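This report concerns only the one structure given below.
Numbering (full-length UniProt numbering), first residue to last: 1 to 774.
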């Protein structure tokens, strides 16, 4: 066709992006870009750009941006829409963000019946395409080695950017099984044209579906029914399915061509470099919307050590010239390079194209029948009371300095020895890995030794069962921040290392949780990644994981429950057991028989969440100081370190402290009253603290002091209130109107305390002379 006589097609009008309709989890991916329609030849292509107007690439994270930045640029004008790159990075469960295209299924607002069925089966977020003629689904699935396209459906997990409109319904969910079944059904059915190589080619489902286990066959059959009658058509990026190169395969081949031979990079030879550049430029001419992706591959291999003698600006000029040469030769009907040349070069050095990963077969539905299950199911493997269970994560939250580390170390000793050192049931001796992300190993060992001394455990008894590792020995960041995208991602290497260590123990303690992630604990996506990573450690290694965390400033576990835990709610949501530490308040101490000034050394342990067992009762603990024998006089240290340990504490409420002797002493003191003015009659004591010499509190405090020598004088006064409330509650003392002498002659009616001996255990006891008694 004579291009000079052809008329340019009308520029499409894209749906306006609906910001509030885009799921939050998608917004949290820092892999966004803008796009605008660009006319190439006779076709409008959706070309990705950065907010600053420079080209973006679906395979170059340096060109990706945050959702907010992209949305602001879109609102400012100059772009037709926004999109998100599929980065292919798996989470702790091995799942990645995946996209599914379903084209030409919308007619106005009417959705084709087969598309409705498709949406129902996958059960995730779906939205309209910018053209308002197709739909796209986003879900979390297992990664594919390359995209799949057949029968009008396209599946991608990496190396693509997908437009996003926000004109959708639902939330992005995990749909790995449905995605696998769809991929398994489509992959064998793609019928490639003769001689095709490189990128994805169009195809339709041919013949009957392959045989699968029952459950998979059912899903795959339903998918095939959805595709019935559908044929490939131009996709949203312009150019149709045939215009989407397999970038992962191309990058793999380019990297293989440049592997060192006898220490020398092949692309250090300029002719060899030009051969590779020509093939990639030719692919850019064929797939114009992926020009930046293809140049990025060339740029990356050109930067490898030993190949970096070429200047980047000159590289780009030659790439553009090679691409234009390809377009010119094609227009003249001359032979042009194809990407097949690159694959041939790579195969000559032993390269093999990436193969489709085999997904595990899904169980047949019959195998899931409850009747086939064993009559006696395996018992949950509780290791420590109802706090720690094999295969699950427990979260322990506490304010700073409350004693959480001392508690976990003593718990570790109890587990290692199989003894109920803190009063909680221990299944049997267990192997425990204590990982502290703040303190060094030496400090951790001091605390272990202090706990061992206090609980009379020989250090030799811990051999092969307790493994302390400080931050100097084991620094694990399970979630890290990608330096290019600034998005949180799972550190797979660190996670695999922790899983490997955990396989040799029964319990893993991580203290504190914040030290095992570079991301903010308020970032829901990052917190979910971290907890999913811990769940993987628990399940794959078959261990109980105890994650030690902090509470919010000012929060109290005993009052705020799970809301007291600091950071994202995803932390508690992912745990099967959540425990909270609360320090005893001074004003509540006497009720438990604790001097108020020692309240800070006592704390309770409460259940904040218990999914697998009924919540345990509140438990109380006492922090103690242990003197170690590590004095070093030669260097001026004449005393060993004093290190904190923890023990179980049994509260003694005030009522339990009040013996009959104490009560009788109080009765006699109140009955004795106080001297009247000028040697007059004895006056009844008053419950009011403003009654001067008639006030009962100092008198009662003096009466009980001999019984509570461990308390201070001020604490005796506080305890006096509790004692008076006790005897008045029994009816032994009442508050009544009594006559009190006034200055001059006569009396005044005042409130006073009256002892009723006949109601006490000592009705015949001698009554002090002049006492206000009955």
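Yeah, the Cβ is synthetic: ideal placement off N, Cα and C, and Gly gets one too.
Note that the structure is predicted; figures quoted are calculated from it, not measured.
- Nearest to residue 325 by C-alpha distance, out of 315, 282, 300, 292, is 282.
- Proximity to residue 50 across 677, 607, 732, 60 peaks at 60, based on C-alpha coordinates.
- The beta carbons of residue 107 and residue 134 sit no closer together than 9 Å.
- Taking all protein chains in view, the Cβ of residue 697 is crowded by 16 or more other Cβ atoms within 10 Å, so the residue is classified as buried.
- Around the CB of residue 472, fewer than 16 other CB atoms lie within 10 Å, so the residue is classed as exposed.
- Runs of the alpha helix (DSSP H) lying entirely within the region 350-433, each at least 4 residues long, are 404-417 in chain order.
- Contact between residue 391 and residue 424 is absent: CB atoms are separated by about 19 Å, not below the 8 Å threshold.
- Remark: C-beta atoms of residue 84 and residue 20 do not approach each other more closely than 9 Å.
- When DSSP states are grouped into helix, strand and coil, residue 521 belongs to the coil group.
- Taking residue 407 as the centre and dropping the five residues before and after it, the same chain places the C-beta of 646 closer than 6 Å to its C-beta, in chain order.
- DSSP places residue 488 within a strand segment (E or B) once states are collapsed to three.
- Using a Cβ distance threshold of 9 Å, residue 683 and residue 740 count as a contacting pair.
- The beta carbons of residue 90 and residue 23 sit about 19 Å from each other, so the pair does not count as a contact at 8 Å.
- DSSP, reduced to helix, strand and coil, places residue 83 within a strand of the structure shown.
- In the three-state DSSP reduction, residue 313 falls in the helix class (H, G or I).
- Here the C-alpha atom of residue 607 lies approximately 12 Å from the C-alpha atom of residue 556.
- Ranked by how close their Cα comes to the Cα of residue 382, the residues 158, 507, 139 have 507 in first place.
- For residue 114, the uninterrupted alpha helix (DSSP H) segment begins and ends at 113-122.
- Comparing C-alpha distances from residue 736 to each of 560, 721, 685 shows the shortest one belongs to 685.
- Contact between the region 253-272 and the region 293-311 is present: 3 or more CB-CB pairs across the two stretches fall below 8 Å.
- Taking the Cα of residue 298 as reference, the smallest distance to any Cα among 105, 493, 255 is reached at 255.
- A distance below 6 Å between beta-carbons, with the five flanking residues on each side excluded, links residue 550 to the following residues of its chain, in chain order: 566.
- Across the structure, residue 762 and residue 719 are spaced so that their CA atoms are roughly 23 Å apart.
- If you look at residue 580, you'll find it in the beta strand (DSSP E) that goes 577-583.
- Counting along the chain, the unbroken beta strand (DSSP E) around residue 99 starts and ends at 96-102.
- Under the three-pair Cβ rule at 8 Å, the region 107-125 counts as touching the region 154-172.
- Cβ contact annotation for residue 429 (same chain, cutoff 8 Å, sequence separation greater than five): 415, 416, 417, 418, 465, in chain order.
- By the Cβ criterion, the region 530-547 is not in contact with the region 584-601, since fewer than three pairs of Cβ atoms, one from each stretch, lie closer than 8 Å.
- In this chain, the beta strand (DSSP E) harbouring residue 139 covers 135-141.
- In the three-state reduction of the DSSP assignment, residue 74 falls in the helix class, which pools H, G and I.
- Contact annotation: residue 603 and residue 581 have beta-carbon atoms nearer than 9 Å.
- When C-alpha distances from residue 311 are compared across 291, 333, 270, 351, the shortest belongs to 270.
- The distance from the Cβ of residue 98 to that of residue 156 is about 7 Å, consistent with a contact at the 8 Å cut-off.
- Per the DSSP secondary-structure output, residue 55 pairs in a beta bridge with 49.
- With three or more CB-CB distances shorter than 8 Å, the region 520-540 counts as touching the region 490-502.
- Counting only residues of its own chain and dropping the five nearest sequence neighbours on each side, residue 371 has no CB closer than 7 Å to any other CB.
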